[in-house]
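Comments concern the structure below.
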Amino acid sequence: MYHIKVMRNVKISALGCYTPPRQLTNHDLEKLVETSNQWILERTGISTRHIAGEGVATSDLAVEAARAVLDQRGIPAGSIDAILVCTVTPDMLFPATACLVQDRIGASRAWGFDLVAACSGFVYGLTTAAHLVGCGTHQRVLVIGADTMSRIINYKDRSTCVLFGDGAGAMLVEPSEDGQCFLGFRNEVDGSGGEALKMPAGGSRRPASNDTVAGDLHYVHQDGQAVFKYAVRRMYEVCKELLDSQGLTPADVAVMVPHQANRRIITNVADRLGIDPAKVVINIDRYGNTTAATIPLATRDAVSEGRLKKGDLVLFAAVGAGFTVGANLWRWSY
Ligand code: ACO
575 MYHIKVMRNV KISALGCYTP PRQLTNHDLE KLVETSNQWI LERTGISTRH
625 IAGEGVATSD LAVEAARAVL DQRGIPAGSI DAILVCTVTP DMLFPATACL
675 VQDRIGASRA WGFDLVAACS GFVYGLTTAA HLVGCGTHQR VLVIGADTMS
725 RIINYKDRST CVLFGDGAGA MLVEPSEDGQ CFLGFRNEVD GSGGEALKMP
775 AGGSRRPASN DTVAGDLHYV HQDGQAVFKY AVRRMYEVCK ELLDSQGLTP
825 ADVAVMVPHQ ANRRIITNVA DRLGIDPAKV VINIDRYGNT TAATIPLATR
875 DAVSEGRLKK GDLVLFAAVG AGFTVGANLW RWSY
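Going by this note's numbering, the sequence shown opens with residue 575, and the numbers climb by one from there.
Right, here's the structure in full:
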């Protein structure tokens, strides 16, 4: 357990999102695989998801989200010190998508890197940014969660193709003049779960070959039930540990923004925590699982619906491939 040692107070000062216009509904999927709108809705809570058009890559979505943040905050790209792009679907293995975004938005002073933590990526990114700004070396760190999952999904595999969508969201982390807004975090890795969710080929272990392509090894492979059980258990436990460490209870949380993987995972975790369901943001019906983008997208909805307001305590929580697990507590600052 880590306690925040106050070096400099930090806050989230802006939020921007982007989803590509094209949608793939459950009814569209009924034409691709043996499935039904009813099965998908009942088992996952998803109705539709956004899918990037041909030729569109993760950096394209990330750039739109980054520009939305800069517009909202009214600052030039040249004032950004670092860019973290949380993604498992980079445009290519290298250079990092963060480099592509830095160039496209004209963030001339920024360094940056890609952060690979799958669905926990955005929570890890926020934690990292809070430390970079908190230690006093950085003024403005842009955290982007962006994934184009449609590029690594096998649209012949009904057990995975119904789950994912494409999208991007970004938050800006800056020093706070209104006290500490980053109250705590609890992040962990359990690499023993790596086999449960992975893209088997395309890296140095199994480089791309005719055989890996023929074997569908460049797609997401998962043991859905193993992921489901782990996600429910560890998301609950990590949230509880984080709240306990701060002397807080779920009743103190104004809004919980969980990673959107499956509505049943979210409601199970919320039930175990005993948090009022009205405080839990769920927008999986409209976006599916956009991996690193779910938390900013759901936060954006909470803000625009007036559910998350300045001064509110917000709990971000996620579980992802790895396994990776993360939870952050922030006081919302605008
Ligand atoms: N349409 C119709 N039937 C389906 C579909 C589908 N799209 N997908 C699977 N089925 C069938 C299965 O073949 C199986 O049939 P069978 O009983 O004849 O063998 C039946 O439905 C039940 O399959 P289960 O795998 O037991 O279904 P389950 O209720 O566990 O739901 C799901 C599957 C939705 C994948 C669930 O396990 C899940 O959401 N797991 C979490 C996975 C996840 O979210 N991964 C994303 C990244 S990690 C993260 O974000 C936490």
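Just so it is clear, CB atoms sit at the ideal spot from N, CA and C, and this is done for glycine as well. Keep in mind it's a predicted model, so treat the numbers as computed, not measured.
Leu-930 and Gly-699: beta carbons closer than 7 angstroms? Residue 930 cannot be examined here, being either before or after the span of the chain that is shown, 575 to 908.
Where does Glu-628 sit, in a helix, a strand or coil, going by DSSP? coil
From this set, Val-630, Lys-803, Asp-797, Asp-845, which residue's C-alpha is nearest Glu-769's C-alpha? Asp-797
Under a Cβ-count criterion, where at least 16 other Cβ atoms within 10 Å of its own Cβ denotes burial, should Asp-721 be classed as buried or exposed? buried
Give the straight-line distance between the Cα atoms of Leu-822 and Lys-814, rounded to the nearest whole angstrom. 9 angstroms
Pairs of beta-carbons, one from the stretch 594-606 and one from the stretch 730-745, closer than 8 angstroms: are there three or more? yes
Just to confirm, is the Cβ distance from Asp-859 to Ser-610 under 7 angstroms? no
Other residues of its chain near Val-697: CB distance less than 6 angstroms, five sequence neighbours each side excluded: Phe-890, Ala-892, Gly-900, Asn-902
Take Ala-639 and list the residues in its own chain whose beta-carbon comes closer than 7 angstroms to its own, dropping the five residues that flank it on each side. Gly-590, Cys-591, Tyr-592, Ile-718, Ala-720, Ala-742, Gly-743, Ala-744
Within the same chain, show all residues whose beta-carbon is closer than 6 angstroms to that of Ala-828, passing over the 5 residues directly before and after it, in chain order. Asp-886, Leu-887
Using DSSP's beta-bridge definition, name the partner residues of Phe-756. Trp-904
Could you check whether Gly-652 and Ser-694 sit closer than 7 angstroms to each other, using their CB atoms as the reference points? no
Just the Cα atoms here: how many angstroms apart are Trp-613 and His-601? 11 angstroms
State yes or no: is the C-beta of Gly-699 nearer than 6 angstroms to some heavy atom of the ligand ACO? no
Quick one, are the C-beta atoms of Ala-692 and Thr-898 less than 7 angstroms apart? yes
How far does the alpha helix (DSSP H) with Leu-746 in it extend, from its first residue to its last? From DSSP, Leu-746 is part of no alpha helix (DSSP H) but of the beta strand (DSSP E) over 740-749.
Own chain, CB closer than 8 angstroms to Gly-765, minus 5 neighbours either side, in chain order: Gly-896, Phe-897
Return the CA-CA distance between Asp-665 and Thr-671, expressed in angstroms with no decimal places. 6 angstroms
Alpha carbon to alpha carbon, how far is Asp-641 from Asp-634? Checking the sequence, you will find Arg at residue 641 rather than Asp. Their backbone Cα atoms lie some 11 angstroms apart in a straight line.
Could you give the DSSP three-state label for Ile-679: helix, strand or coil? helix
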